[in-house]
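Residue numbers (our numbering), protein chains in the order written: chain L, 1 to 322; chain A, 1001 to 1322.
As structure tokens, then:
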């Protein structure tokens, strides 16, 4: 399924570069290779899963349109992938979502339906739309085609790591529901068995690390919040967790402060823009050297949709030039 | 020479991606494709010319080491390319250069010699080192091998534009001494004759635009200064100008304010970090639509070595989220 998804993505998704800097190698004490998925269309890997899911629908079903619940990266990925397919997209967002995200999603051609988090159920609104218009729900992570699309990141890492002469390494993946992590893990199992996927999460939202350690799905205490909101989910997915449990190494957990420092170093040394949730894998690569084995580490920089004020917080972590 | 330089660069320089965003297309009124050379090693295209020049030296000459005058991107490009060749590099910098640039150049393994701009001549210091140690001077733009190395950007653009279905377009290039612009122009002449290179410069330092219009080399009134310092030179090069005069379309000139706005849009829409001088071509693509013909425009984003304070100025150009 991953290979088939990658074939459908070919020519539509970007093959993102694997970046590096001697300055980052020095901090980490080993080679650091960064898969810059922030450079993907709509600024995050989510475009891949959205494209894979939409392109995999039967044409008659696809033509009726798609539906997603999201205020973030998944919304933009679904909106653009639907527009590129010439089919309608309806995105259901909380009315208190940031104006910029609502505007961006509309600008990508989607119909945005706002709901009141306190008094309305997005699932009821969505179910009514599915019934009335025949829309298909595109899930953000717990669906086979979505996982397959994100897995194309893993196929590219397998090829690019081989080009760099790296055969054995941990591959750290920013992890929310586990769609990207499980897809990458499956791709690496088949194409680069010396590379091992490991989830990276922010402190307080380490449901996957704890679930992997416990051998069963555990939930976060807090359901949302924090700077790394892009990758916060209540718990690992029902489909993604068994894949991660079978294939992934132990989870890594970093603080928000470390995510901001990783964003600052990505700005300074790689010239890429990361959001806090998209920087946790790089933060783990740089600041958890004792938890990682091997001469190289690969970090997936999963997204860059950050507002200027949060980015200023990251820049504040850089010492002044003099 | 460009093809030979590209062959030597293969596996050492990065093939940088050609990025795009529907939001930028809307601003420009046409497709905008951005060659993200800020993602090159050391954060600018200068690594290519430095590698081409150093790798093109006879081995016995190369082994004695190389020399450059620079406080900026050329210094870092030469330092890293020399280190990757295992040969010494001496960089002569003004003593009042920013501490970060001095430290970065040293961290890349170069010996940095500081001189007093007021009382000393860098050329005399350099000539003495050439004589004493047998070092070879690596010029920043007015040398055939340097131009050939920068021309590899043009070969990649020719291929990547064809992949995007773009056969006719202006290719806007951030222009200082003209090494990158002339190299790109030569590569496009051979490989993509429907693509035309055009220099982009900041207001007040439009020596190349005026020289092209006059048909002879003209100088800037100011010799240095401004936010776009990375691409400020006194005049076009003796080697680069005749190439540009034969092949380039008219120059484009933008304000510093427009360069900062282009940096902000590159942050928001492309997730790349640009320095002001590296953003002037994108600024021209976005804000000079009436001076450009065709359904698409390609802008070379030549570098991203910007300090946090200047980047904050760019972020200030973005409206708040609400």
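Each residue gets a CB set at the ideal place from its N, CA and C atoms; glycine is no exception.
Are the CB atoms of residue i and residue j nearer to each other than 9 Å?
{"i": "residue 376(L)", "j": "residue 300(L)", "result": "This structure leaves residue 376(L) out entirely; chain L is present only between 1 and 322."}
{"i": "residue 323(L)", "j": "residue 187(L)", "result": "This structure cannot settle anything about residue 323(L), because the visible part of chain L is limited to 1 through 322."}
{"i": "residue 280(L)", "j": "residue 217(L)", "result": "no"}
{"i": "residue 1252(A)", "j": "residue 1210(A)", "result": "no"}
{"i": "residue 1220(A)", "j": "residue 1072(A)", "result": "no"}
{"i": "residue 1264(A)", "j": "residue 1317(A)", "result": "yes"}
{"i": "residue 1097(A)", "j": "residue 1080(A)", "result": "no"}
{"i": "residue 1139(A)", "j": "residue 1224(A)", "result": "no"}
{"i": "residue 146(L)", "j": "residue 49(L)", "result": "yes"}
{"i": "residue 1202(A)", "j": "residue 1303(A)", "result": "no"}
{"i": "residue 1194(A)", "j": "residue 1167(A)", "result": "yes"}
{"i": "residue 153(L)", "j": "residue 255(L)", "result": "no"}
{"i": "residue 44(L)", "j": "residue 34(L)", "result": "no"}
{"i": "residue 1247(A)", "j": "residue 1164(A)", "result": "no"}
{"i": "residue 1082(A)", "j": "residue 1109(A)", "result": "yes"}
{"i": "residue 250(L)", "j": "residue 212(L)", "result": "yes"}
{"i": "residue 39(L)", "j": "residue 8(L)", "result": "no"}
{"i": "residue 1181(A)", "j": "residue 1084(A)", "result": "no"}
{"i": "residue 90(L)", "j": "residue 129(L)", "result": "yes"}
Three-state secondary structure (DSSP) at residue i?
{"i": "residue 43(L)", "result": "helix"}
{"i": "residue 1170(A)", "result": "strand"}
{"i": "residue 347(L)", "result": "In the structure displayed, chain L extends from 1 to 322; residue 347(L) sits before or after that span and is not available."}
{"i": "residue 1111(A)", "result": "strand"}
{"i": "residue 213(L)", "result": "helix"}
{"i": "residue 1272(A)", "result": "strand"}
{"i": "residue 1306(A)", "result": "coil"}
{"i": "residue 280(L)", "result": "helix"}
{"i": "residue 1016(A)", "result": "coil"}
{"i": "residue 139(L)", "result": "coil"}
{"i": "residue 1010(A)", "result": "coil"}
{"i": "residue 148(L)", "result": "helix"}
{"i": "residue 1300(A)", "result": "strand"}
{"i": "residue 1101(A)", "result": "helix"}
{"i": "residue 1202(A)", "result": "strand"}
{"i": "residue 1066(A)", "result": "strand"}
{"i": "residue 1002(A)", "result": "helix"}
{"i": "residue 1196(A)", "result": "strand"}
{"i": "residue 223(L)", "result": "coil"}
{"i": "residue 1260(A)", "result": "helix"}
{"i": "residue 1022(A)", "result": "helix"}
{"i": "residue 1054(A)", "result": "helix"}
For residue i, does the count of other Cβ atoms within 10 angstroms reach 16, so buried, or fall short, so exposed?
{"i": "residue 61(L)", "result": "exposed"}
{"i": "residue 1119(A)", "result": "exposed"}
{"i": "residue 1124(A)", "result": "exposed"}
{"i": "residue 1207(A)", "result": "buried"}
{"i": "residue 290(L)", "result": "exposed"}
{"i": "residue 310(L)", "result": "exposed"}
{"i": "residue 86(L)", "result": "exposed"}
{"i": "residue 1322(A)", "result": "Any reading at residue 1322(A) is ruled out, since the residue's pLDDT is 40, under 50, leaving its predicted position unreliable."}
{"i": "residue 1132(A)", "result": "exposed"}
{"i": "residue 236(L)", "result": "buried"}
{"i": "residue 1258(A)", "result": "buried"}
{"i": "residue 295(L)", "result": "exposed"}
{"i": "residue 319(L)", "result": "exposed"}
{"i": "residue 214(L)", "result": "exposed"}
Using beta carbons (cut-off 9 Å, strictly below), is residue i in contact with chain L?
{"i": "residue 1016(A)", "result": "yes"}
{"i": "residue 1304(A)", "result": "yes"}
{"i": "residue 1036(A)", "result": "yes"}
{"i": "residue 1148(A)", "result": "no"}
{"i": "residue 1026(A)", "result": "yes"}
{"i": "residue 1023(A)", "result": "yes"}
Within 9 Å of any Cβ in chain A, is that where the Cβ of residue i sits?
{"i": "residue 134(L)", "result": "no"}
{"i": "residue 166(L)", "result": "no"}
{"i": "residue 72(L)", "result": "no"}
{"i": "residue 226(L)", "result": "no"}
{"i": "residue 234(L)", "result": "no"}
{"i": "residue 322(L)", "result": "Note that residue 322(L) has pLDDT 40, beneath the 50 cutoff, so the model's placement of it is unreliable and no number is given."}
{"i": "residue 140(L)", "result": "no"}
{"i": "residue 19(L)", "result": "yes"}
Original post:
Mind listing which residues of the region 1260-1271 of chain A have their C-beta closer than 9 Å to chain L's C-betas, in chain order?
Top reply: 1264, 1266, 1267, 1268, 1269, 1270, 1271
**OP:** Please list the residues of the region 1271-1288 of chain A that have a C-beta atom closer than 7 Å to any C-beta atom in chain L, keeping them in chain order.
**Re:** 1271, 1272, 1273
Original post:
Listed in chain order, which residues of the region 107-128 of chain L have Cβ atoms closer than 8 Å to some Cβ of chain A?
Top reply: 107, 108
Subject >> chain A contacts made by the region 31-58 of chain L, where a contact means CB separation under 7 Å >> reply: 38, 39, 43
Subject >> Interface positions of the region 90-102 of chain L facing chain A (Cβ-Cβ less than 9 Å), listed along the chain >> reply: 98, 99, 100, 101
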